[in-house]
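Note that my numbering gives residue 297 to position 77 of the sequence shown, counting from 1, and the numbers run on in steps of one.
Using N, Cα and C, we set each Cβ at its ideal position, and we do this for glycine too.
The block underneath contains the structure these notes are about, expressed in structure tokens.
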Amino acid sequence: MKKHKIFTMAFASVYPHYITKAEKKGRTKAEVDEIICWLTGYDQQALQKQIDKKTDFENFFEQAPQLNPNVDKITGVICGYHVEEIEDELMQKIRYMDKLIDELARGKAMEKILRK
């Protein structure tokens, strides 16, 4: 079975788009990083290493220290799919990140985005 194109795409190539999307709506790179670290368990230094290495999405999530235990609280539609119904585990993780960044850009409070 052929891998989806995004799985082999470098996380570093998409990361600037997350930041741009957030900054256009008055949010910050620090908030984007906080969301990504919350989701994946990376700390700031480890996240930067993944960006510098141009790690693809598959390895980015495979090497993530620990997916946040509250990911099951991330629900809703992103790219036309309900994130909670996506069957491919890697695609679901990628869409979780997309959903969280989307919520940030829409002005949602950080404590709600981080499911506190």
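Among all the DSSP beta bridges, which residues are the ones paired with residue i?
| i | result |
| --- | --- |
| Tyr301 | Ile298 |
| Asp276 | Ala230 |
So, with DSSP's three-state summary, where would you put residue i?
| i | result |
| --- | --- |
| Gln230 | The question names Gln, yet the displayed sequence has Ala at residue 230. Of the three classes helix, strand and coil, the one that applies to Ala230 here is strand, per DSSP. |
| Lys365 | Limits of the chain in this structure are 221 at one end and 336 at the other, which puts residue 365 out of reach. |
| Gln268 | helix |
| Gln312 | helix |
| Lys319 | helix |
| Lys245 | coil |
| Glu307 | coil |
How about residue i and residue j: are their beta carbons less than 7 Å apart?
| i | j | result |
| --- | --- | --- |
| Arg315 | Val297 | no |
| Phe280 | Phe227 | no |
| Gly261 | Pro289 | no |
| Lys293 | Arg335 | yes |
| Ala325 | Ala242 | yes |
| Ile255 | Leu310 | no |
Between which two residues does the alpha helix (DSSP H) harbouring residue i extend?
| i | result |
| --- | --- |
| Val252 | Lys249 to Thr260 |
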